[in-house]
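Residue numbers (my numbering): 284 to 474. Idealized CB from N, CA, C, for every residue including glycine.
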Amino acid sequence: MKPITLAEFDRRFAGDADPWSTFSNRDEAVKRRAILHSMGPGPWARVLEIAAGNGSNSVAIAPRALRLDATEATDSGTMLVASALSGRNRARAIKLVVPNRLPRKCYDVAVVAEMLYYLSANDMAGTARILAGALRPGAMLVLAHHRADYPDFAQHAGQVQRAFLRATKRRWQVRVVRRTGRWIVLACRQL
């Protein structure tokens, strides 16, 4: 595997607002519904989305949040998220390269989709610790990732979500919300 770099992600988003067809692909819509089902109807006070990409999940999450911080590590992706969220006063796009300090100190829900396997094991563990520290007791963490490897991953997909949860050093009640041959969505409640 040869991991994709942030610069390469940035070029993809600059060249195509939807390089993985996340707004239009039927399978992506099914995954998005599973993410929303994992969250529950809300409204949630403070919601964090890490690696929002082009904002395709952000626009679906925003109506369930009183405050949404949709973070993205690339300049072009952050602009796409901001565009997708335009007109939603309680949602904002924020550039954030993880692991790093989060925009708020406390969140009720965090959504991490399609990004853990792009991080090195050390960066993933650092992100896990930071995120766990920002989730209030009883908070919901939604993880949605591929089950199979792709050549541009830094880590193998199969166990990356469980490794992330272990790296938080917290106890979780984990529920599989939806699993297909391609991806899995987990709803994880902090105990």
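Residue 386 versus residue 328 - alpha carbon distance: 14 Å
Roughly how many angstroms separate the alpha carbons of residue 334 and residue 292, rounded to a whole number? 11 Å
Helix, strand or coil: which one does DSSP assign to residue 425? strand
Hey, residue 355 and residue 376 are a contact pair by Cβ (cut 8 Å); roughly how many whole angstroms apart? 7 Å
Spatial neighbours of residue 448 within its chain, please: CB distance less than 6 Å, with the 5 preceding and 5 following residues excluded, ordered by chain position. 455
CB of residue 468 within 8 Å of CB of residue 404, strictly: no
Does residue 392 pass the burial test, meaning 16 or more other C-beta atoms within 10 Å, or should it be called exposed? buried
Tell me, which residues are paired with residue 329 by DSSP? 350
Can you find the residues in the same chain that come closer than 6 Å, C-beta to C-beta, to residue 395, ignoring five residues on each side of it along the sequence? 333, 426
Counted within 10 angstroms of its Cβ, other Cβ atoms place residue 299 as buried (16 or more) or exposed: exposed
Give me the Cα-Cα distance between residue 434 and residue 464, rounded to the nearest whole angstrom. 18 Å
Do you know offhand how far residue 406's Cα is from residue 382's? 6 Å
Considering only the beta carbon of each residue, do residue 364 and residue 353 sit closer than 8 Å? yes
Straight-line CA distance for residue 402 to residue 412? 14 Å
Secondary structure of residue 412, DSSP reduced to three states: helix
Does residue 471 pass the burial test, meaning 16 or more other C-beta atoms within 10 Å, or should it be called exposed? buried
Would you identify the three-state DSSP class for residue 355, choosing helix, strand or coil? strand
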